[in-house]
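Just so we're aligned: the sequence shown equals residues 1 to 362 in full-length UniProt numbering.
No residue lacks a Cβ here, since even glycine has one placed at the ideal position from N, Cα and C.
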Amino acid sequence: MGDLEDYPFVFDLVAQMKGKNRTAGWDVMVSYEIDAVNSFLTRAWANRDNSTQPLESFDVKRYEKHHHQKCLHSITTWNVSLKPPKVQFESDYAVLEMDVTGDVSVQYYKGGPGQEAKDGDPEAEPLSDGWVLTVKTTISSVTASEGGQIYDHQPKGSVLDFSSDPSHKGHIVFDCALSDDYTVTFNWTKSNDPKETPPDDNLKQAKRWIEKHIDAIDFSLASIIRREGSSETYLTPEQMVFQLYHPPDSHRSSLSVGCLSIYIKTKQTGADHGPGDRVPSFSGTEGNIYPIAGGYTGSIIISNWYYLWFETYIDVDIMHRIECIAQNVFPLDGEWLPDNPERNTSTRDDILIVGQLHGYRG
């Protein structure tokens, strides 16, 4: 299991967490699998004006040699839309893939160089099935208001401090709107050659569309709210970092394994127990392992340090406050249905809570 090729069974995950803290020095670790991310993206996309989003039309010119000179052969106008994205994790990047649908209109030309003229009327036909728009972008954490204004922005490996303003949330986001460090490509995914000329040199329209539509807040992978003042509030997020876990071979065509983990320091533990590792990692007794068990879509891991502190100073059984904890730290909007907490018998071990995510809101 050391190669992160699949999720562990829940009993194996619990067994491999034995013997020491696995939350990299943080109070709480929240994780959800890549299929949950993709389900969230699909629902968020569908809640927009169209379930498919139209791109600005663009032209692709094709030239041929005529007496050793370049001569215009045709202009293909792409009138296409994008289907909901699916994400894969690759190193420090998210790779978003969106199927491209629609039609193309081809205007042919005749005549020699400098004398090209339209040859008949444009010919319209459906776009070949197999085109995908791929966006490779960094992931960041930001503090932002309900209205979308960004107050802080930190790349992976940086600790994000939560604002005391209750209208501000911590988000894990795709970074297209905040950075130029992303690429957009049209890719043909079939084994046969496409009928259309690839639009390799016509990506400005696509980048403009990405910057306009896939902005930070609309496509936040996670949002964490800092709630205070309630007697039922036991975990008030104060700082966080995030980490991506995925197989070493991130180029497989049907990658369905991987997870996003958010590490949280809570206000309740105070300054004496500061934030953990800036670049956290997760492993078990036998090496690398996912913090989510097979058959579940999410998990919360509560550090043994926090568990003991909670029982000592709050005098409340944390095991009976799982729903309150989930409301405050579980990131995806929707319903979180936890199973009974799992742990080894030693008080040195962390608590694992696995569960299912339902009812995502876009």
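By the Cβ criterion, the region 63-73 is not in contact with the region 35-45, since fewer than three pairs of Cβ atoms, one from each stretch, lie closer than 8 Å. Per DSSP, VAL279 is not a residue of any beta strand (DSSP E), being assigned neither H nor E.
Taking all protein chains shown into account, GLN115 has fewer than 16 neighbouring C-beta atoms within 10 Å of its C-beta and is therefore exposed. Between the alpha carbons of ASP27 and VAL241 lies a gap of roughly 12 Å. Per DSSP, the unbroken alpha helix (DSSP H) holding PHE40 starts and ends at 34-46.
Contact between the region 283-297 and the region 10-27 is present, with at least three C-beta pairs closer than 8 Å. ILE264 and LYS86 have their C-alpha atoms roughly 26 Å apart. Annotation: the continuous beta strand (DSSP E) that includes ARG62 extends over 58-66.
Distance from the CA of LYS136 to the CA of PHE219, rounded to the nearest whole angstrom, comes to 14 Å. Rounded to the nearest angstrom, the gap between the Cα atoms of GLN243 and GLY102 is 37 Å. Judged by their CB atoms, ASP175 and THR134 are not nearer to each other than the 8 Å cut-off. For the pair ILE172 and LEU96, the CB atoms are not nearer than the 8 Å cut-off. Nearest to GLY130 by alpha-carbon distance, out of PRO280, LYS204, ASP152 and TRP188, is TRP188. When DSSP states are grouped into helix, strand and coil, PHE219 belongs to the coil group. Short of 7 Å from the beta carbon of GLY295, and not among the five residues preceding or following it, lies no beta carbon of its own chain.
The three-state reading of DSSP puts GLU97 in strand, counting E and B together.
For VAL80, the enclosing beta strand (DSSP E) starts and ends at 69-82.
CA-to-CA, the gap between SER261 and ASP181 works out to about 22 Å. The way I'd put it, the region 69-79 does touch the region 103-112; three or more beta-carbon pairs between them come closer than 8 Å. At the C-beta level, ILE300 and ILE353 come within 8 Å of one another. If you ignore the 5 residues before and after ALA94, its C-beta comes within less than 7 Å of the C-beta of VAL87, THR137, ILE139 and PHE174, all in its own chain and listed in chain order. With a cutoff of 8 Å on beta-carbon distance, THR185 and LEU160 are scored as not near each other.
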